[in-house]
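Numbering (our numbering), first residue to last: 21 to 259.
The beta carbon of each residue, even a glycine, is placed where N, CA and C say it ideally should be.
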């Protein structure tokens, strides 16, 4: 299927991650901690922990630091006890936003998220107010120039739900949440290395924003992403 390009957004996002590697590592450590405490430290038996470790590898986190945090979490050592909370709201032009947090202080976190929304032109909504506009799924993005026919054949054979070609030739493979790891492993075994691979909240439809609205929306997203307790921000704006 044809679709709009995500390539520029992917490159922008990766650039921002490089700039904020310390903060990215902090967020990944939280994910590792919560996943290991909930499901144990055995990667083969804990899919959520495997995903967190994959993120750590992609962010170039040292293996000994990953192991230390798994051991710390499963050994019931002293440390923060994190709670996962999802917030929903609206940005510029009515764009939908989902904010995932891990926090040791719910009151602080909700105050910071609400302030970011209100100060930068958004509105915080109630639970479920925008989540229906997103699909929880696996997403793998491949660079322009990837062999379209070969990737599509390999992806569909591996159990992918859809393969979407962007306007600039970048390709997006979508999977169910349950099939994400199997499809990713099969494609990598076939020689296809994704530029981005993650379980995400993918918008069913997007809202186009330009000029001042696009700049305002990007500012709101940047402020939300920079909050210490925020793990991830998803939205349906095309900026």
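Residues sharing a beta bridge with residue i, DSSP
{"i": "residue 218", "result": "159"}
{"i": "residue 8", "result": "Coverage of the chain is limited to positions 21 through 259, which leaves residue 8 absent and any answer about it impossible."}
{"i": "residue 122", "result": "104"}
{"i": "residue 193", "result": "160, 183"}
{"i": "residue 258", "result": "228"}
{"i": "residue 154", "result": "223"}
Residue i: first and last residue of the uninterrupted beta strand (DSSP E) it sits in
{"i": "residue 168", "result": "Here residue 168 belongs to no beta strand (DSSP E); instead the alpha helix (DSSP H) covers 168-178."}
{"i": "residue 182", "result": "182-185"}
{"i": "residue 251", "result": "250-255"}
Residue i versus the options, residue with shortest Cα-Cα distance
{"i": "residue 173", "options": "66, 191, 258", "result": "191"}
{"i": "residue 112", "options": "138, 101, 119", "result": "138"}
{"i": "residue 211", "options": "253, 105, 166, 158", "result": "166"}
{"i": "residue 106", "options": "189, 55, 146", "result": "146"}
{"i": "residue 261", "options": "195, 104, 227", "result": "Given that the chain is displayed from residue 21 to residue 259, the structure contains no residue 261 and the question cannot be resolved."}
{"i": "residue 140", "options": "109, 58, 148, 163", "result": "109"}
{"i": "residue 151", "options": "221, 237, 251, 252", "result": "221"}
{"i": "residue 188", "options": "82, 54, 86, 163", "result": "163"}
{"i": "residue 56", "options": "44, 65, 64, 69", "result": "69"}
{"i": "residue 223", "options": "157, 91, 62", "result": "157"}
{"i": "residue 214", "options": "144, 194, 233", "result": "194"}
{"i": "residue 197", "options": "71, 186, 209", "result": "71"}
{"i": "residue 86", "options": "58, 104, 51, 183", "result": "51"}
{"i": "residue 92", "options": "43, 58, 236", "result": "58"}
For residue i, the first and last residue of its enclosing alpha helix (DSSP H)
{"i": "residue 94", "result": "83-94"}
{"i": "residue 78", "result": "67-78"}
{"i": "residue 209", "result": "200-209"}
Residue i to residue j span [Cα, whole Å]
{"i": "residue 48", "j": "residue 176", "result": "30 Å"}
{"i": "residue 231", "j": "residue 225", "result": "20 Å"}
{"i": "residue 239", "j": "residue 102", "result": "27 Å"}
{"i": "residue 170", "j": "residue 259", "result": "31 Å"}
{"i": "residue 217", "j": "residue 127", "result": "33 Å"}
{"i": "residue 161", "j": "residue 130", "result": "32 Å"}
{"i": "residue 24", "j": "residue 154", "result": "The predicted position of residue 24 is uncertain, since its pLDDT is 47 and thus under 50; a value taken from the coordinates is nonetheless stated next. Distance between the alpha carbons of residue 24 and residue 154: 17 Å."}
{"i": "residue 243", "j": "residue 136", "result": "7 Å"}
{"i": "residue 201", "j": "residue 60", "result": "19 Å"}
{"i": "residue 21", "j": "residue 46", "result": "Annotation note: pLDDT 40 at residue 21 (below 50); position unreliable, coordinate value reported separately. Using only the alpha carbons, I get a separation of about 37 Å."}
{"i": "residue 82", "j": "residue 67", "result": "20 Å"}
{"i": "residue 90", "j": "residue 251", "result": "18 Å"}
{"i": "residue 104", "j": "residue 132", "result": "15 Å"}
{"i": "residue 237", "j": "residue 229", "result": "8 Å"}
9 Å Cβ cutoff, residue i in contact with chain C
{"i": "residue 57", "result": "Among the protein chains of the structure shown there is no chain C, as only one such chain exists."}
So does the region 71-78 actually touch the region 115-134, counting three or more Cβ pairs closer than 8 Å? No contact exists between the region 71-78 and the region 115-134.
Quick check: the region 241-251 against the region 119-131, are at least 3 beta-carbon pairs closer than 8 Å? Yes, they touch.
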